[in-house]
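Structure record follows, encoded as structure tokens.
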Ligand SMILES: Nc1ncnc2c1ncn2[C@@H]1O[C@H](COP(=O)(O)OP(=O)(O)O)[C@@H](O)[C@H]1O
Ligand SMILES: Nc1ncnc2c1ncn2[C@@H]1O[C@H](COP(=O)(O)OP(=O)(O)O)[C@@H](O)[C@H]1O
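Next up, the structure:
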């Protein structure tokens, strides 16, 4: 378990939306434990659920034998999560450039918008294992979702 | 990720009680998702938290670099969890024979009693990796904790 | 997700319970809307009080049904969204598409008020 | 876990908030009991309403403080335990050790009733 020897929690789930709620519940409790404000807890949970939804749907195409691996880490107060799927990734650089988001009537295409709005930093990385999204929420920061 | 290719969720946490709440929250949500009754949800959560507490305290002695690995599986409706620590185990055969439980005034020694009361089956196994506890809760069953 | 249906005045209220995340939920939800429109019930309130959270696929389901209702000359509003859901509606600008109310009364009256 | 302290009649009520799982909680809890006994406050109610759950180490903390209070000639009861916690108290037979109430009134009166 060598490389897990940092203060992080790892969640490993099947590619099934049924498990999203458990991930959501875990991050909510953990963020509370690490003294995040209720607003910040909502923000990180929302962003994380979006990342997992995409990993299950677009990354693993709901394949029963593919896994989504989530790591949750509170680094000197700030929160960093990664979500890794077993897919081949996508043109995330382009997606990140698209500031406008989808047409209001469109039924799709809001996941990345939401992740960006509710975190302070959003990174994608793709290697031979799959796509990894990294979400960062600073303890002090609020993303730009504050109302 | 070969051997993870069954319908299970895996939680991997540091040996710190701070993470117990996240495990509890995850199993509660999952058991609800798999249509366990509120009573059964309480039962499995309680037993699982006990197993994790023991793994953190007695198995890993709160060592920051040791992990507790939890698997949660709903097998054709029944629930099976395992909790693995990195410790050297203990004389669990003897502990399981002790039906009476501790003196009411004693401040310790109720974990195994609770795990047994709130599950339908409780097994221990020890190998070179550490101690593993397996908790089973049948969908229809109630342990003997029903009031 | 569970969907329960009731009526107040001219409005059909759908009480949702659970999480709105796509999958089988989408079909169930669409069927309810279809059957409401067939009965000529075109004022639909989606009660999110017992929806703990929603993801973007869930938003897509809401938008799909909103579009259907509007296409049939009706209207859909949501009510009792949690702070968490409100902030998602805000960030995605969906609060500009369908109205969100904190009171059932106001939601019901919104259909009869001049638009 | 947060501990807030208040008084009703002869009783000191400790409102707990969080999880009772041992660790630093144990020390904080013990200190509160010590200071109560030093002030000769010996009727102590532990309010578990906002305790979402408890493990066996948490039970140990309760028992430790119960023993301390009894040793000083006082008494400790708990109130507003959730069903989940009630069933733990029942299984461990701790319901035979300290009383558990669902009403604050009854808990307060329990100290003055004939024992
Ligand atoms: N984990 C992923 N793996 C592969 N493609 C992805 C992943 N996440 C997002 N995408 C791609 O980016 C697009 C936009 O994603 P998103 O903004 O979440 O909207 P939506 O999921 O509604 O399509 C998706 O349609 C998909 O093509
Ligand atoms: N995971 C474990 N690893 C090593 N020893 C354990 C483990 N779980 C339980 N034990 C042993 O069994 C004893 C009884 O456990 P338990 O009934 O949970 O009571 P308590 O934890 O209060 O001592 C413990 O004191 C410990 O010696």
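Residue numbers (our numbering), protein chains in the order written: chain A, 1 to 147; chain B, 1 to 147; chain C, 1 to 115; chain D, 1 to 115.
Ideal Cβ positions, reconstructed from N, Cα and C, are used throughout, including at glycine.
Does chain A have any CB closer than 8 Å to the CB of residue i?
i	result
residue 10 of chain C	no
residue 100 of chain C	no
residue 131 of chain B	no
residue 21 of chain C	yes
residue 83 of chain C	yes
residue 97 of chain C	yes
residue 63 of chain B	no
Can you check whether the C-beta of residue i is within less than 8 Å of a C-beta belonging to chain B?
i	result
residue 30 of chain A	yes
residue 81 of chain A	no
residue 14 of chain A	yes
residue 135 of chain A	no
residue 3 of chain D	no
Consider the Cβ of residue i: report whether some Cβ of chain D lies at a distance smaller than 8 Å.
i	result
residue 117 of chain B	yes
residue 7 of chain B	no
Shorter than 8 Å from the beta carbon of residue i to some beta carbon of chain C?
i	result
residue 53 of chain A	yes
residue 59 of chain A	no
Can you tell me which of the options puts its alpha carbon nearest to the alpha carbon of residue i?
i	options	result
residue 47 of chain D	D/110, D/111, D/84 and D/101	D/101
residue 108 of chain C	C/6, C/10, C/4 and C/5	C/10
residue 1 of chain D	D/83, D/54 and D/90	D/54
residue 135 of chain A	A/42, A/81, A/30 and A/68	A/81
residue 111 of chain C	C/25, C/33, C/73 and C/32	C/73
residue 41 of chain A	A/76, A/27, A/93 and A/51	A/27
residue 60 of chain A	A/43, A/94, A/17 and A/101	A/17
residue 33 of chain D	D/82, D/85, D/12 and D/81	D/12
residue 30 of chain A	A/123, A/71, A/118 and A/88	A/71
residue 37 of chain B	B/67, B/77, B/7 and B/11	B/77
residue 64 of chain D	D/23, D/103, D/105 and D/30	D/30
residue 100 of chain A	C/99, C/93, C/98 and C/103	C/93
residue 95 of chain C	A/87, A/98, A/104 and A/97	A/104
residue 56 of chain A	C/104, C/105 and C/23	C/23
residue 137 of chain B	B/15, B/73, B/97 and B/25	B/73
residue 98 of chain B	B/13, B/114 and B/43	B/114
Whole angstroms is fine: what's the gap from residue i's alpha carbon to residue j's?
i	j	result
residue 4 of chain C	residue 33 of chain B	18 Å
residue 54 of chain B	residue 65 of chain B	16 Å
residue 21 of chain C	residue 56 of chain C	8 Å
residue 114 of chain C	residue 128 of chain A	In this prediction, residue 114 of chain C scores a pLDDT of 49, lower than 50, which makes its location untrustworthy; no coordinate-derived value is stated.
residue 88 of chain D	residue 92 of chain A	50 Å
residue 4 of chain A	residue 62 of chain B	Here residue 4 of chain A scores only 45 on pLDDT, less than 50, and its place in the model is too uncertain to base an answer on.
residue 36 of chain D	residue 27 of chain D	14 Å
residue 51 of chain A	residue 69 of chain A	11 Å
residue 121 of chain B	residue 95 of chain B	15 Å
residue 75 of chain C	residue 84 of chain A	40 Å
residue 132 of chain B	residue 125 of chain B	5 Å
residue 40 of chain C	residue 118 of chain A	39 Å
residue 45 of chain A	residue 7 of chain D	39 Å
residue 123 of chain B	residue 90 of chain A	45 Å
residue 77 of chain D	residue 52 of chain C	35 Å
residue 7 of chain A	residue 14 of chain D	33 Å
residue 106 of chain B	residue 97 of chain D	11 Å
residue 149 of chain B	residue 11 of chain A	This structure gives no information on residue 149 of chain B, because the portion of chain B shown stretches from 1 to 147.
Under a CB-based cut-off of 8 Å, is residue i close to chain G?
i	result
residue 111 of chain A	No chain G appears in the structure shown, which is made up of the protein chains A, B, C and D.
Indicate, with yes or no, if ligand 3 has a heavy atom lying under 7 Å from the CB of residue i.
i	result
residue 72 of chain A	The model on display carries ligand 1 and ligand 2 but not ligand 3.
Query raised in the report: With a cut-off of 8 Å, do at least 3 Cβ pairs link the segment 99-114 of chain A to the segment 51-60 of chain C?
Result: yes
Report task. List in chain order: all unbroken alpha helix (DSSP H) runs of 4+ residues lying wholly within the segment 20-70 of chain C. Result -> 24-38
Query raised in the report: Is the segment 15-26 of chain A touching the segment 11-31 of chain C, taking contact as three or more C-beta pairs under 8 Å?
Result: yes
Requested in this report: Would you check if there are 3 or more beta carbon pairs closer than 8 Å linking the segment 25-45 of chain D to the segment 63-79 of chain D?
Outcome: yes
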